[in-house]
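The opening residue of the sequence shown carries number 614 in our numbering; numbering runs sequentially from there. Idealized CB from N, CA, C, for every residue including glycine. A short worksheet on the structure shown next.
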Amino acid sequence: MSELTVLPAAPGRDPRPLDFETMRAVADRLLAQGEVPQADGLLTEIMMLRGFLALLVPAVGELAVARPVDDVWRGAAQAGLGEARRRLSHTTGHTVPVLLAEEQRLSRSVLALCTHLENLESCDA
Numbered sequence: 614m615s616e617l618t619v620l621p622a623a624p625g626r627d628p629r630p631l632d633f634e635t636m637r638a639v640a641d642r643l644l645a646q647g648e649v650p651q652a653d654g655l656l657t658e659i660m661m662l663r664g665f666l667a668l669l670v671p672a673v674g675e676l677a678v679a680r681p682v683d684d685v686w687r688g689a690a691q692a693g694l695g696e697a698r699r700r701l702s703h704t705t706g707h708t709v710p711v712l713l714a715e716e717q718r719l720s721r722s723v724l725a726l727c728t729h730l731e732n733l734e735s736c737d738a
């Protein structure tokens with residue numbers, strides 16, 4: 614894993630950097646949890662993951678479009694972005710099994726976009 618764990622904000626954005634370590638830790642924890650939380654807890658976690666994705670999607674998008682059109686890393690990142698956007702636009706019911714599945718899908722997207730950001734950053738290094 615690279616030492617760089619934060620991405621500086623683009624002009625016009627919140628100047629605080631993204632904290633990949635925290636995002637990864639939360640997503641890993643949610644994927645690994647043994648017992649199923651209550652629906653209210655799941656809704657809170659889903660909103661947190663959606664917030665992470667709301668920050669990650671534009672950051673990955675900016676780095677991806679800066680790469681050449683035929684670049685492998687750009688294509689992989691755009692596929693991850695498409696999947697994350699589909700997951701963000703998908704709404705579900707409020708039963709615990711359905712919420713748990715949504716939480717897991719969003720967690721996987723957070724992890725994937727963090728990886729795409731690291732890969733795109735390492736291309737420029």
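Note the first and the last residue of the continuous alpha helix (DSSP H) segment covering residue i.
{"i": "V649", "result": "That residue, V649, is in no alpha helix (DSSP H); it is neither H nor E in DSSP."}
{"i": "G693", "result": "685 to 702"}
Which of helix, strand or coil does DSSP assign to residue i?
{"i": "D632", "result": "strand"}
{"i": "P681", "result": "coil"}
{"i": "H707", "result": "coil"}
Are residue i and residue j close, meaning C-beta to C-beta below 8 Å?
{"i": "S720", "j": "E696", "result": "no"}
{"i": "R642", "j": "V670", "result": "no"}
{"i": "R637", "j": "L712", "result": "no"}
Measure the C-alpha to C-alpha separation of residue i and residue j and round it to an integer number of angstroms.
{"i": "E634", "j": "L726", "result": "13 Å"}
{"i": "A692", "j": "P650", "result": "31 Å"}
Hey, does residue i have any beta-carbon neighbour from chain C nearer than 8 Å?
{"i": "E715", "result": "Considering every chain present, this structure includes no chain C. It has just one protein chain."}
Given 8 Å as the limit, is there contact between the stretch 647 to 661 and the stretch 703 to 712, that is, 3 or more CB pairs closer than that? yes
Whether or not the stretch 633 to 651 and the stretch 675 to 689 are in contact is what I'm after, with contact meaning three or more pairs of Cβ atoms, one per stretch, closer than 8 Å; do they touch? no
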